[in-house]
Amino acid sequence: MGVSLEKNRPHEVVIVGGGFGGLYTAKALANTNVNVTLIDKRNFHLFQPLLYQVATGTLSPADISAPLRSVFSKSKNTKVLLGEVSDIDPKTQQVVMGDQSISYDTLIVATGANHSYFGKDNWQELAPGLKTVEDAIEMRRRIFMAFEAAEKETDLEKRRALLTFVIVGGGPTGVELAGAIAELAYQTLKEDFRNVDTSEAKILLLQGGNRILPHISPELSEEATSALQKLGVVIQTQTRVTNIENDIVTFKKGDEVQEVASKTILWAAGVQGSPMGRILAERTGVECDRSGRVIVEPDLSIKGYNNIFVIGDLANFSHQNGSPLPGVAPVAKQEGEYVARLIKLRLQGSTLSQFSYNDVGSLAMIGQNLAVVDLGFLKLTGFLAWVFWLVIHIYFLIEFDTKLVVVFQWAWNYITRNRRSRLITGKEAFVSPQTINDSNPYKATETRRTVNV
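Below is the structure:
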């Protein structure tokens, strides 16, 4: 289905989602001869790769956020609307936001992805993930309240459960969380408590595959494993979580079922496309994969509608090497810039060849002075990789004043080894969805044993 335009009427581009994909599309169309409407249910762009630093007290939410209106204040052809799109009508070319309908000539859907608990949605309250500011604040509350509760707990088994942190998922988020919590327990908080030794904390990282950071080279994955183990993290690979209940994580490794009691269980495994994928499928007939991501054409449009594009984490683009592109910021950024170029060329009567992702490499922070960087032609570990990680993340932050704040915070943390954003907010007291039974939480059945962390 093509686009019909009235003569002398500006081309209307509607972008749903202000993440990396939507943001960079709008920036590339700024101050051009099209009208851009950017819709997001938040009034800010969030730099998700640094959410784990909010969750572990290094940065505050404002340090990694940029108000969308501020970003586009000088782009007079760009309008920002705060709201949530609930429906799409591709026949009339309108999106529905509450009781308001907004017309488009070109629609770009960049609403990202949510957590996937593989059909166990009841685990979400027990093991929060890390996608939003609220997720990070809740995760921060649970992490620091665990230490506070351990300070007052006299029962040794319950204290052990309070000081056991289980992270499910060995991708970049899981690895970075594990390293940051280990540094908290073994360095930052070591002198802050009187009744509990925080270095007794146990950090357990569970990974379903045969190695952590599977997206990077095996040798760098091995380096990351060694670095985490030196920090004190216990890594269990080829491990599948089978149940989370009563503050006990049950997981299967081979034929052996194991259990560990923990008051702080964090989720960093699995994603699924946002609900907009389902809406698009219902309204246009486009196919989605098992994770709810929309299967897109080589130019990132959807089948049958060359004026509707899906980019970022919601898109399944498998035309380059047969496998979907990873859900990372550089992919969304390049896809957004590509769609913007395509729109401008179409209005000039031209077009572009299919989208091609330029893989700029992968990287992950392990801890202070520790990171791994895989650029394909260059592989870095240790201090040099850590410096490279810092530079890249500063570069991708949106606003100049935000970059300065983050640089200052990182420099201060490096010098003092302190984290000044260790705020416990939200719920007043230590609250867990379940409580540890008075009986021994490490009790094993005939087919189960307690993991030794």
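Going by the working numbering, the residue at position 209 of the sequence shown is 224; the numbering climbs one at a time, nothing skipped.
We put the CB at the ideal spot given by N, CA and C, even for glycine.
**OP:** Run the CB neighbour count on residue 115, radius 10 Å, all protein chains shown included, and call it buried at 16 or more, exposed below.
**Re:** Counting Cβ neighbours within 10 Å, residue 115 comes out exposed, since fewer than 16 surround it.
**OP:** Would you kindly work out how many angstroms separate the C-alpha atoms of residue 462 and residue 277, rounded to a whole number?
**Re:** The predicted model places residue 462 with a pLDDT of 44, which falls under 50 and marks its position as unreliable; any figure quoted below should be read in that light. Approximately 20 Å, taken between the alpha carbons.
**OP:** Throw me the rounded Cβ distance for the residue 316 and residue 287 pair, which I believe falls under 8 Å.
**Re:** No, residue 316 and residue 287 are not in contact; Cβ-Cβ is about 22 Å, not under 8 Å.
Subject >> Counterpart residues of residue 217 in DSSP-defined beta bridges >> reply: DSSP lists 179 as the bridge partner or partners of residue 217.
Subject >> As assigned by DSSP and simplified to three states, the class of residue 402 >> reply: In the structure shown, the three-state DSSP call for residue 402 is helix.
**OP:** Hey, could you find the ends of the alpha helix (DSSP H) residue 157 is sitting in?
**Re:** 148–167 is the span of the alpha helix (DSSP H), which, as asked, contains residue 157.
Original post:
Which value, in whole angstroms, describes the spacing of the CA atoms of residue 407 and residue 238?
Top reply: Straight through space, the alpha carbons of residue 238 and residue 407 are spaced by roughly 20 Å.
Original post:
Is residue 292 buried or exposed, if buried means 16 or more other CB atoms sit within 10 Å of its CB?
Top reply: Buried: at least 16 other Cβ atoms inside 10 Å.
Original post:
Of all the options 169, 70, 210, 176, which has the alpha carbon lying nearest to the alpha carbon of residue 151?
Top reply: Of the listed residues, the one whose Cα sits closest to residue 151 is 70.
Original post:
What number of angstroms, rounded off, separates the C-alpha of residue 125 from the C-alpha of residue 373?
Top reply: Those two C-alpha atoms are separated by around 19 Å.
**OP:** Please confirm if the region 243–256 is in contact with the region 182–190, defined as three or more CB-CB distances below 8 Å between the two stretches.
**Re:** When C-beta atoms of the region 243–256 are compared with those of the region 182–190, three or more pairs fall below 8 Å, so the two segments count as touching.
Original post:
Three or more beta-carbon pairs under 8 Å between the region 410–419 and the region 251–268, yes or no?
Top reply: As far as the Cβ criterion goes, the region 410–419 does not touch the region 251–268, which means the pair count is below three.
Subject >> Inter-residue Cα distance where the pair is residue 106 and residue 328 >> reply: When rounded, the distance between both Cα atoms is 25 Å.
**OP:** Return the residue from the list 79, 23, 53 that minimises the CA-CA distance to residue 419.
**Re:** Of 79, 23, 53, the residue nearest in Cα terms is 79.
Original post:
Roughly how far, in whole angstroms, is the beta-carbon of residue 294 from the beta-carbon of residue 104, given that I think they are within contact range, below 8 Å?
Top reply: Wrong, their Cβ atoms sit about 11 Å apart, outside the cutoff.
Original post:
If we count the other Cβ atoms within 10 Å of its Cβ and call it buried at 16 or more, is residue 4 buried or exposed?
Top reply: What is shown of the chain runs 16 to 468, which leaves residue 4 out entirely.
Original post:
Apart from the five residues just before and just after residue 222, which ones in its own chain have a Cβ nearer than 6 Å to its Cβ?
Top reply: 185, 252, listed in sequence order.
Original post:
Tell me which same chain residues have a C-beta within less than 7 Å of the C-beta of residue 196, skipping the five on either side of it?
Top reply: Excluding positions up to five away in sequence, the list reads 71, 158, 180, 218.
Original post:
What do you get for residue 319, buried or exposed, if any count of 16 or more other CB atoms within 10 angstroms of its CB means buried?
Top reply: Label assigned to residue 319: exposed.
Original post:
Where are the beta strand (DSSP E) runs, 3 residues long or more, that stay fully inside the region 248–330, in chain order?
Top reply: Entirely contained in the region 248–330, the beta strand (DSSP E) runs reaching 3 residues are, in chain order, 248–251, 254–260, 263–268, 271–276, 279–282, 286–288, 320–325.
**OP:** May I ask you to report which of helix, strand or coil DSSP gives residue 349?
**Re:** Assigned with DSSP and collapsed to three states, residue 349 falls in helix.
Subject >> Rounded C-alpha distance that separates residue 216 from residue 143 >> reply: Per the coordinates, the alpha-carbon of residue 216 lies some 20 Å from the alpha-carbon of residue 143.
Original post:
Leaving out the 5 sequence neighbours to the left and right, which residues in its chain are closer than 7 Å to residue 341 when beta-carbon positions are compared?
Top reply: Within the same chain, residue 341 has close Cβ partners 230.
**OP:** For residue 153, I'd like the list of residues in its chain whose CB is within less than 8 Å of its CB, leaving aside the five on either flank, ordered along the chain.
**Re:** If we look at residue 153 and ignore the five residues flanking it on each side, its Cβ neighbours are 143, 441.
Subject >> Alpha-carbon to alpha-carbon, residue 256 and residue 375 >> reply: Going by the C-alpha atoms only, they are around 32 Å apart.
Original post:
To the nearest angstrom, how far is it from the Cα of residue 145 to the Cα of residue 23?
Top reply: Looking at the two C-alpha atoms, the distance is approximately 46 Å.
Original post:
Do residue 208 and residue 166 have their C-beta atoms within less than 8 Å of each other?
Top reply: The answer is yes: Cβ separation under 8 Å.
Subject >> Distance CB(residue 236)-CB(residue 243) smaller than 8 Å >> reply: No; because the gap between Cβ atoms is not below 8 Å, this pair is not in contact.
**OP:** In the DSSP assignment, find the unbroken alpha helix (DSSP H) run with residue 246 in it and report its ends.
**Re:** Residue range 233–246 is occupied by the alpha helix (DSSP H) that includes residue 246.
Original post:
Per DSSP, residue 338 forms a beta bridge with which residues?
Top reply: Listed as beta-bridge partners of residue 338 by DSSP are no residues whatsoever.
**OP:** Identify, in the order they occur along the chain, each residue of the same chain with its Cβ nearer than 8 Å to the Cβ of residue 86, setting aside the five sequence neighbours on each side.
**Re:** Counting only Cβ-Cβ distances below 8 Å, and skipping sequence neighbours, we find 38, 42, 60, 413, 414.
**OP:** For residue 97, write down the residues that DSSP places opposite it in a beta bridge.
**Re:** Beta-bridge partners of residue 97 (DSSP): 55.
Original post:
If we call anything under 8 Å between Cβ atoms a contact, is residue 28 one with residue 182?
Top reply: In this structure, residue 28 lies away from residue 182, with their beta-carbon atoms at least 8 Å apart.
Subject >> Own chain, CB closer than 7 Å to residue 289, minus 5 neighbours either side, in chain order >> reply: Scanning its chain for C-beta atoms nearer than 7 Å, with the 5 sequence neighbours on each side dropped, one finds around residue 289 the residues 126, 127, 128, 129, 329, in chain order.
Subject >> Within 8 Å, strictly: CB atoms of residue 271 and residue 263 >> reply: Against a cut-off of 8 Å, the Cβ pair of residue 263 and residue 271 comes out as no contact.
Original post:
If you follow the alpha helix (DSSP H) that residue 36 is part of, which residue opens it and which one closes it?
Top reply: Residue 36 -> alpha helix (DSSP H) spans 35–43.
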